[in-house]
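Residue numbers (our numbering): 371 to 533. Scroll down for the structure; my scribbles are underneath it.
So, in structure tokens, the structure goes:
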């Protein structure tokens with residue numbers, strides 16, 4: 371845990387002092403600081419730090435929330451249903467586990483949205499590339515879980531969305 375904490379401190383310093391336009395650039399900078407980490411680990415660290423990627427006059431770069439270029443524009447109505455269903459394919463169940471199948475690359479984002487919503491029906495998520503494992507909270511009926519989850523991914527509640 372201490373290594374991750376120290377690594378994220380170094381990552382914050384790197385992002386504050388240098389323009390990093392790709393995960394590979396960040397990986398190389400961390401390596402020069404003594405941290406050999408995978409691109410997946412870097413991606414997780416960036417998510418934890420709430421880093422955004424923005425376009426600048428010199429290209430794209432990763433920035434921290436305290437950077438003046440960091441903006442988050444939220445619409446009161448939230449994303450359109452077509453965007454909120456983006457990437458979702460189907461969901462299957464086994465006991466208190468739900469396995470959501472997504473388009474390649476969507477599982478992590480959907481999992482982050484579910485975790486951020488802190489649904490009482492969900493104990494937690496584990497994301498892969500195109501598969502999201504969702505642990506249903508103890509004692510929560512499947513119908514209640516589906517209703518709660520459909521507030522995040524509306525297509526979950528539609529007939530034929532699950533096997």
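Built from N, CA and C at the ideal position, the CB exists for glycine as well.
From the DSSP output, in three-state form, read off residue i for me.
i           : result
residue 428 : coil
residue 439 : coil
residue 396 : helix
residue 527 : helix
Which residues does DSSP pair with residue i in a beta bridge?
i           : result
residue 458 : 472
residue 423 : 432
residue 463 : 468
Got a sec? Which residues, its chain only, sit under 6 Å from residue i by beta carbon, not counting five neighbours each side?
i           : result
residue 384 : 399
residue 381 : 415
residue 489 : 518
residue 483 : 522
residue 396 : 390, 412
residue 476 : 457
residue 429 : 391
residue 478 : 497
Short of 7 Å in beta carbon distance, which residues of its chain neighbour residue i, apart from the five on each side in sequence? Order them along the chain.
i           : result
residue 503 : 467, 469, 495, 496
So residue i is in the alpha helix (DSSP H); what residue range does that whole segment cover?
i           : result
residue 414 : 409–418
residue 385 : 372–387
residue 481 : 477–487
Just checking: is the beta-carbon of residue i within a distance shorter than 8 Å of some beta-carbon in chain D?
i           : result
residue 509 : Protein chains in the displayed structure number just one, and chain D is not present.
For residue i, which residues of its own chain have a beta-carbon under 8 Å away from its beta-carbon, when the five flanking residues on both sides are left out?
i           : result
residue 506 : 466, 467, 468, 491, 492, 493, 512, 515
residue 487 : 521, 522
residue 474 : 499, 500
residue 426 : 389, 439
Does the Cβ of residue i lie closer than 7 Å to at least one heavy atom of the ligand SAH?
i           : result
residue 390 : Absence of the ligand SAH is noted for the structure shown, with no ligands found whatsoever.
- Query: Which parts of the region 492–517 are runs of the beta strand (DSSP E), unbroken and 3 residues or longer, counting only runs that do not cross its ends?
  - Reply: 492–497, 501–506
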